[in-house]
Amino acid sequence: MAAAGAAGFRLGQRVHAAGDPRRSGTVRYLGPVDGHSGDWVGVDWDGGAGGRHDGSLAGRRYFAAAGDRSASFARPSALSAGIALPDALRLRYRVDDFTKEEEDEMYVFSTSQKRVSVELVGTNKVRDKLKNFDELLCASVSFMGVSSAGSPEELQGLVPNLRQLDLTGNLISQWQDIFSLCQALPSLEVLDLTNNTMENDFVESPLLKNIRVLVLNNCGVTWELIEKLKVPFACLTDLHLIWNKLNIITTPVGKFVQGFDTLRLLNLEDNHIVSWDEMVKLSYLRSLEQLHLNKNKIKHVRYPSNLPSSGPLGDVAVPAFEKLQVLLLGSNEIEDFPSVDSLNLFPSLMDVRISDNPIADPAKGGAPRFVLVARLGNVKILNGSEVSARERREAEIRYIRLVMGKAESSDPEVLKQLHPRFAELKAFHGIEDEKPTSRTSGPQKMASGLISITLKCVGPSMGEKQPLTKKLPPATTVGKLKSLCESFFKLKDIKLRLFLEEEQGCPLPQLLEEETASLVELGIGTGATIIVDEES
C-alpha cells in the first residue's frame, strides 16, 4: 500500500504536509530508505528549513536539498498532493458558518493591489450572495493546497465572472494549469501566483488577452522564463516580480528587452540587482511608466547615453525610458550625486524614491531633502511626498546659498560639474554673487558676514517665550546653536531639538539632527526661522 502511495507522487511535484497547507515543499526522492521498510518520499521543504537533514541519511545521499536542514523523508500518507481549484473555491466560499480565520482571509484588491478586508455586515446576506458563484468577482484561495486548475468546464461554470484571483502559497507549478484556468475564465484580469514555485519552461501557450496584472512574487522564475511569458501574456499592464533573484536580465535578441508593448508597471523590488546596466536593457519598453527597484543593491544610476538614435524595432528618434514617470530606488546603496543628477535626464520622470540610500541620509554624510529637491528639477513627488511650488522655491534658494558658502572653486566649469543646476537656479532666482568691499575690516567686516535668524521657543516645559532675532556667523553649528539657545532663553537641564521651519504653518518642519553641521552647510540664511523644542 505504501509503494502504491509513493507511486502516486512524481519527482519535482509540489506537496504539503497532510493537514497543514502552509507547510509545502518539493518531492526530490521516491523509493526505499536504508534501514527502514516500505517506500518513502524525500521532500525539500520551502524556506530552506523545516526538515531534519540535507537529503543525506546515515552516510548515504539520496538527494541534494536547498538547506542544511530543509529535507526529510515522509510516508506518502503524511503528504498531500493538493486539491483542484473548483474544490478550493467551494471550501472557501460555500460554507454554512465562516470561521474567524476565513473572515480575515476574505478581501478585495485595492487599485494598488493591496489587500483590503471585507467587513461582513449582514452575514446572512453574504452567505446568500455566495450561493450564487456567478456573482463572485474577486476570490482568494491562498494557502489552501491548490495544485491544479481542475476541469475547465467545471471552473467556468462555477465562477464565470471572476475578475481577480489570488492563488498565493499553493502547490501550482505547471504553466499549463495556469493557461487552462485563464482560458476557462475569460473575465479574469488579475492573477496573483505569489509563493508558488513555478517551472521555468513550457511547451505550448495560448494567447491570453484577458490578463492585465500578473503577480509572480517569490516564484523562483528566471528572466528567460519572463521572455517566454511575454508571448501568452501579451496584454499585460502590470508585472510584479519581487523576490526572484533576478539580478541579470538576459535578452535573446539584441541588447534590449523587446515586446511587452502594453506593460506600464514593472516591479523588480528585492531581487539582488547590483548593476544599473541591467536596467538599461529595459530602456525601450515603449509603454513603461513605473519601474520599482526598491530593496536592491544598486550603487550608481546613469541615464543611458550613446544609444542608437532609433529603437530596437526601428522606431525613429526614440529616447530611452521615454514614458517612465515613476522610478522607485529606495533602500539601495546609491551614494553619489551624479546618480541623483542623472535623473534629470529621464524625459518624463516626475516621481522618485531614493530614501534609505546613503546619498539621502544626512546622518551618513548624505544630503538633506532640500538639496535633493533642488538638484532634481523636474520631480513633483520625492520619497512619497509632494514637492509643492513653495517648497521647491525655498529649497532651491537654500541650495544656492549652500553652494555659494561652500564652493571650493569659482571656476564655472568646475561648479557645473559638481552642481549642474547651480548656474541655472542662480539666474532663475536672481541671486547675485556677494561682492566683498576692500574697505571693510575688523568688526564691521565680521558683522557684514552674519546671518539673521528668528528663534521660536515652543517646548511645553519651557514657559512662554517671545521669539528672538539673532545675528550669527554662518559657520555656527547645530550643537553650538543649541548651547546659544540655552543661554538666550535661560533654559536649564533641558535637552533641545532644533527644527527649520520650511514654510509658514508647515506641520512637518525639518529636524536639524547633525550636531556638527553648520548653518551654511544646511543652506540656512538670513530670514530663516528655527524652532526650539525639547526632546520627548
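First residue of the sequence shown: -6, per this note's numbering; consecutive thereafter. C-beta: ideal position from N, C-alpha, C; glycine also.
is_contact[residue i, chain C] using C-beta, thresh 8 Å
{"i": "Ser403", "result": "Chain labels in this structure do not include chain C; a single protein chain is all it has."}
Reduced DSSP category for residue i - H, G, I as helix; E, B as strand; rest coil
{"i": "Trp33", "result": "strand"}
{"i": "Thr430", "result": "Its pLDDT being 43, under 50, Thr430 is placed unreliably in this model, and the coordinates cannot settle the point."}
{"i": "Pro69", "result": "helix"}
{"i": "Thr519", "result": "coil"}
{"i": "Trp216", "result": "helix"}
{"i": "Val345", "result": "strand"}
{"i": "Val114", "result": "Because Val114 carries a pLDDT of 47, less than 50, the predicted location of this residue cannot be relied on, and no value is offered for it."}
{"i": "Arg295", "result": "coil"}
{"i": "Leu164", "result": "coil"}
{"i": "Asn337", "result": "helix"}
{"i": "Leu531", "result": "The question about residue 531 has no answer, for the chain in this structure spans -6 to 529."}
{"i": "Ile390", "result": "helix"}
{"i": "Ala510", "result": "coil"}
{"i": "Cys450", "result": "strand"}
{"i": "Arg45", "result": "coil"}
{"i": "Ala(-3)", "result": "Caution is warranted here: a pLDDT of 40 is assigned to Ala(-3), below 50, making its placement in the model unreliable, and the coordinate value is therefore given only provisionally. Helix at Ala(-3)."}
{"i": "Ile374", "result": "strand"}
{"i": "Leu50", "result": "strand"}
{"i": "Leu484", "result": "coil"}
{"i": "Ser403", "result": "coil"}
{"i": "Ala57", "result": "coil"}
{"i": "Ala177", "result": "helix"}
{"i": "Ala64", "result": "strand"}
{"i": "Lys290", "result": "coil"}
Pair within 8 Å by beta-carbon distance, residue i and residue j
{"i": "Gly252", "j": "Asn237", "result": "no"}
{"i": "Leu256", "j": "Ser280", "result": "yes"}
{"i": "Thr522", "j": "Thr470", "result": "no"}
{"i": "Ile242", "j": "Lys274", "result": "yes"}
{"i": "Trp269", "j": "His285", "result": "no"}
{"i": "Val134", "j": "Ala81", "result": "yes"}
{"i": "Leu164", "j": "Val139", "result": "yes"}
{"i": "Leu129", "j": "Val152", "result": "yes"}
{"i": "Gly516", "j": "Arg394", "result": "yes"}
{"i": "Asn203", "j": "Thr187", "result": "no"}
{"i": "Glu208", "j": "Glu182", "result": "The question names Glu, yet the displayed sequence has Val at residue 208. No, these two residues do not count as a Cβ contact at 8 Å."}
{"i": "Gly323", "j": "Ile347", "result": "yes"}
{"i": "Phe481", "j": "Leu505", "result": "no"}
{"i": "Ser403", "j": "Pro467", "result": "no"}
{"i": "Glu220", "j": "Pro179", "result": "no"}
{"i": "Lys409", "j": "Ala420", "result": "no"}
Residues that DSSP places opposite residue i in a beta bridge
{"i": "Lys464", "result": "Ser445"}
{"i": "Val26", "result": "His29"}
{"i": "Glu527", "result": "Leu489"}
{"i": "Asp159", "result": "Ser133, Asp185"}
{"i": "Val208", "result": "Asp185, His233"}
{"i": "Gly18", "result": "Val8, Trp38"}
{"i": "Glu425", "result": "Answer by DSSP bridge pairing: none, since Glu425 is not bridged."}
{"i": "Ile76", "result": "Val139"}
{"i": "Asp13", "result": "Ala10"}
{"i": "His285", "result": "Asn260, Leu321"}
{"i": "Glu379", "result": "Ile374"}
{"i": "Leu504", "result": "Phe492"}
{"i": "Thr470", "result": "Ser511"}
Option in the options with minimal Cα separation from residue i
{"i": "Ala227", "options": "Trp216, Gln157, Leu239, Leu200", "result": "Leu200"}
{"i": "Ser484", "options": "Arg21, Ile165, Val525", "result": "Here residue 484 is Leu; the residue named in the question, Ser, does not match the sequence. The option with the nearest alpha carbon to Leu484 is Val525."}
{"i": "Leu320", "options": "Phe172, Glu328, Phe339, Val311", "result": "Phe339"}
{"i": "Arg368", "options": "Ala388, Glu379, Gly358, Asn350", "result": "Ala388"}
{"i": "Glu514", "options": "Phe415, Tyr392, Lys473", "result": "Tyr392"}
{"i": "Leu23", "options": "Ser30, Gly35, Gly31, Gly12", "result": "Gly35"}
{"i": "Leu336", "options": "Gly370, Phe195, Gln169, Ser378", "result": "Gly370"}
{"i": "Asn350", "options": "Met343, Asp344, Gly359", "result": "Gly359"}
{"i": "Leu174", "options": "Asn188, Arg156, Gly162", "result": "Arg156"}
{"i": "Gly520", "options": "Gln149, Asp127, Lys399, Ser445", "result": "Ser445"}
{"i": "Trp216", "options": "Asp170, Glu271, Glu406, Ala132", "result": "Glu271"}
{"i": "Arg83", "options": "Asp37, Ala51, Arg54, Ala132", "result": "Ala132"}
{"i": "Arg15", "options": "Gln6, Trp38, Phe249", "result": "Trp38"}
{"i": "Phe2", "options": "Tyr86, Gly75, Pro225, Asn287", "result": "Gly75"}
{"i": "Gly518", "options": "Glu506, Glu527, Pro361, Thr447", "result": "Thr447"}
{"i": "Gln176", "options": "Pro405, Ser70, Ser198, Leu72", "result": "Ser198"}
{"i": "Glu147", "options": "Asp127, Met137, Arg490", "result": "Asp127"}
{"i": "Asp329", "options": "Met343, Leu342, Lys357, Pro312", "result": "Lys357"}
{"i": "Tyr296", "options": "Ile327, Arg53, Ala400, Ser332", "result": "Ser332"}
CB-CB length for residue i against residue j, believed under 8 Å
{"i": "Gly18", "j": "Val8", "result": "6 Å"}
{"i": "Gly48", "j": "Ala64", "result": "4 Å"}
{"i": "Met455", "j": "Ile424", "result": "That pair is no contact at about 36 Å."}
{"i": "Arg21", "j": "Gly44", "result": "In fact, because the Cβ distance is near 11 Å, the residues do not count as touching under 8 Å."}
{"i": "Pro355", "j": "Glu528", "result": "Actually they are not in contact, since the Cβ atoms of Pro355 and Glu528 sit about 18 Å apart, beyond 8 Å."}
{"i": "Asn189", "j": "Leu222", "result": "Rounded, the Cβ-Cβ distance is 14 Å, inconsistent with contact."}
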